[in-house]
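K.L.:
Chain order of the listed sequences is R and Y.
The first sequence runs contiguously to residue 117 in our numbering.
The second sequence runs contiguously to residue 1218 in our numbering.
Here a beta-carbon is modelled for each residue, glycine too, at the ideal position from N, C-alpha and C.
Can you read through this structure? Questions will come right after.
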Amino acid sequence: MTLPPDTHPNLPLSEQTFYILLSLLPQPRHGYAILKDIQQLSDGRLLISVSTLYTSLKRLLEQGWIERAELEEQDENARPRKQYKLTHTGRSNLFAETKRLHMLIQAANQRLPQEAI
Amino acid sequence: MNRTVFFIRVFVTLLKLYPIQFRSEFEEEMQIVFTAKVMDRASEGLAILTPACLSEYFDLLHNLLYEYLNEFGKGEDMSHKGRIIFILTGCLFFASAVLPWASLETGSAVESFDNPSVMPLILTGGLILAASLINSGNFTKTISVLTSMIGLGWGVYSGASIITYFLNGPWYAQNSYTVNLGPSLILTLCASILAFSFGLSQLSSINKHPNSLMISPN
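This is the structure we're talking about:
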């Protein structure tokens, strides 16, 4: 199994970046929905702070891995809640990272005793 | 004042510390998300809410520092050609410091030679060489400003010294301790002109191409 050569330089991803991209894979989400989804995806293990989330979102926007969705939701006070969605680059980086992790797991499975897995 | 309102107000106040560009883009969103998070946690009691909010504040300050460093670091990497000129400038400063010593005999003559600008010249050369090794756009702007200032300072000093040196007449130039001081001063002046002009040119090229070199989120 080989990874696309154009995605190699961006790997490995940090855990939070991986989860943010993973959270945006099925659908565009706003900030709070991303936080809640990451909490759920990681079984409550990864709690990202608001500032960390937006620092990461800013970098991902600048790198072109995510973009703002055109439709904006509104919160209960009718304030706009901007949504974010994955771009093609973000998606391919997420897939490449998943493949990389999969390869690591495969390698570990070959060597580790069953009780360690 | 309600505790939740207090926590939100502290967060909103801390948000004001972010760079303006970041605030204009994300401040409102962050406020909304934090408010929603606090409202969610409020039902779990103050014992849960307080550490959660403190952790948010701590993270905010940490990210704030990161954001300012990132803003500060916006600039281009030093070009290959630029790095070579920087290294050459540093070497010229070193040579200026070493040259007066080169023709002196070892032993007492060297010990008695007292040129107050030797150590500053070595330090300047070392500083410029060290700066040329930093392979990052994060500091190119700062390095360019500092180099041009150093060049200007040394240029004024060596220019004035050259005038003094040659006005003192041939006897001064023929003194065994100072015979190479003239060439050394000229070398210092050359290094200064190079440092000053190159520092300025690097700075203007950064301003012409304000592409950001962002710190990766990975």
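1. For D37 (chain R), I'd like the list of residues in its chain whose CB is within less than 8 Å of its CB, leaving aside the five on either flank, ordered along the chain.
2. In chain Y, which residues lie less than 8 Å from Y84 (chain R) when you measure between Cβ atoms?
3. Could you tell me which of Y:A1095, Y:L1049, Y:E1028 and Y:P1120 sits nearest to C1190 (chain Y), measuring between CA atoms?
4. Going along the chain, which residues of the stretch 1044-1061 of chain Y sit with their C-beta nearer than 8 Å to a C-beta in chain R?
5. Do you know whose CA, among Y:S1132, Y:S1192, Y:I1143 and Y:V1033, lies nearest A1160 (chain Y)'s CA?
6. Who pairs with I1186 (chain Y) in a beta bridge, going by DSSP?
7. In this structure, does DSSP put K58 (chain R) in helix, strand or coil?
8. Based on DSSP bridge pairs, tell me the residues matched to H30 (chain R).
9. Hey, T1013 (chain Y) and M1039 (chain Y): beta-carbon distance below 8 Å or not?
10. How would you label Q124 (chain R), buried or exposed, when you count the other beta carbons within 10 angstroms and need 16 or more for buried?
11. Would I58 (chain R) count as contacting chain Y if we go by Cβ distances under 8 Å?
12. Report all residues from its chain with a CB closer than 7 Å to the CB of S1158 (chain Y); omit the five preceding and five following residues, and keep chain order.
13. Using a Cβ-Cβ cutoff of less than 6 Å, which residues in the same chain neighbour V1118 (chain Y) once the five nearest sequence positions on both sides are dropped?
14. When you compare the stretch 91-110 of chain R with the stretch 1027-1035 of chain Y, are there three or more beta-carbon pairs, one atom per stretch, that lie closer than 8 Å?
15. Measure the C-alpha to C-alpha separation of C1091 (chain Y) and K1081 (chain Y) and round it to an integer number of angstroms.
16. Between T1147 (chain Y) and G1182 (chain Y), what straight-line distance do the alpha-carbon atoms span, to the nearest angstrom?
17. Might you give, ordered along the chain, the residues of its own chain that have their beta carbon closer than 8 Å to the beta carbon of Q1021 (chain Y), omitting 5 neighbours on each side?
18. Going along chain R in order, which residues have a C-beta closer than 7 Å to the C-beta of A1036 (chain Y)?
P.N.:
With the structure as the only source:
1. Within the first sequence, residue 37 (chain R) is the residue found at index 37, counting from 1. If the five residues before and after D37 (chain R) are omitted, its C-beta is found closer than 8 Å to the C-beta atoms of S23 and R29, all from its own chain and listed in chain order.
2. For the purposes of this step, residue 84 (chain R) is taken as the residue at position 84 of the first sequence. Using a Cβ-Cβ cut-off of 8 Å, Y84 (chain R) is close to nothing in chain Y; its nearest Cβ partner there is about 10 Å away.
3. Locating residue 1190 (chain Y) in the second sequence gives position 190, where the first residue counts as 1. By alpha-carbon distance to C1190 (chain Y), the top candidate from Y:A1095, Y:L1049, Y:E1028 and Y:P1120 is Y:A1095.
4. Only S1055, E1056, D1059 and L1060 from the stretch 1044-1061 of chain Y bring a Cβ to less than 8 Å from some Cβ of chain R.
5. Indexing the second sequence from 1 puts residue 1160 (chain Y) at position 160. Among Y:S1132, Y:S1192, Y:I1143 and Y:V1033, the Cα nearest to that of A1160 (chain Y) is on Y:S1192.
6. Here residue 1186 (chain Y) corresponds to residue number 186 of the second sequence, with the count starting at 1. I1186 (chain Y) is not bridged to any residue.
7. Within the first sequence, residue 58 (chain R) is the residue found at index 58, counting from 1. Taken through DSSP and simplified to helix, strand or coil, K58 (chain R) comes out as helix.
8. Taking the first sequence and counting its residues from 1, the one referred to as residue 30 (chain R) is at position 30. Secondary-structure assignment with DSSP links H30 (chain R) through a beta bridge to R:Q83.
9. To locate residue 1013 (chain Y), count along the second sequence from 1; it is residue 13. To locate residue 1039 (chain Y), count along the second sequence from 1; it is residue 39. No, the Cβ-Cβ distance between T1013 (chain Y) and M1039 (chain Y) is not below 8 Å.
10. The displayed coordinates of chain R run from 1 to 117. Any statement about residue 124 (chain R) would go beyond what the structure contains.
11. Along the first sequence, one-based indexing puts residue 58 (chain R) at 58. Checking the sequence shown, residue 58 (chain R) turns out to be Lys, not Ile. Interface flag for K58 (chain R) against chain Y is set, since a Cβ pair is found closer than 8 Å.
12. Your numbering for residue 1158 (chain Y) matches position 158 in the second sequence. The beta carbon of S1158 (chain Y) sits closer than 7 Å to those of L1185, T1188, L1189 and S1192, all from its chain and outside the five residues before and after it, given in chain order.
13. Translated into the one-based positions of the second sequence, residue 1118 (chain Y) becomes position 118. Closer than 6 Å at the Cβ level, and outside the excluded window around V1118 (chain Y), lie A1097.
14. Two segments are said to touch when three or more pairs of C-beta atoms, one from each, lie closer than 8 Å; by this definition the stretch 91-110 of chain R does not touch the stretch 1027-1035 of chain Y.
15. Residue 1091 (chain Y) sits at position 91 when you count from the first residue of the second sequence. Residue 1081 (chain Y) sits at position 81 when you count from the first residue of the second sequence. Taking the CA atoms as reference points, C1091 (chain Y) sits about 15 Å from K1081 (chain Y).
16. Indexing the second sequence from 1 puts residue 1147 (chain Y) at position 147. Indexing the second sequence from 1 puts residue 1182 (chain Y) at position 182. Each residue's Cα considered, the two are about 24 Å apart.
17. Looking up residue 1021 (chain Y) in the second sequence gives position 21. Within the same chain, Q1021 (chain Y) has close Cβ partners E1071.
18. The residue you call residue 1036 (chain Y) lines up with position 36 of the second sequence. Those are Y32, listed as they occur along chain R.
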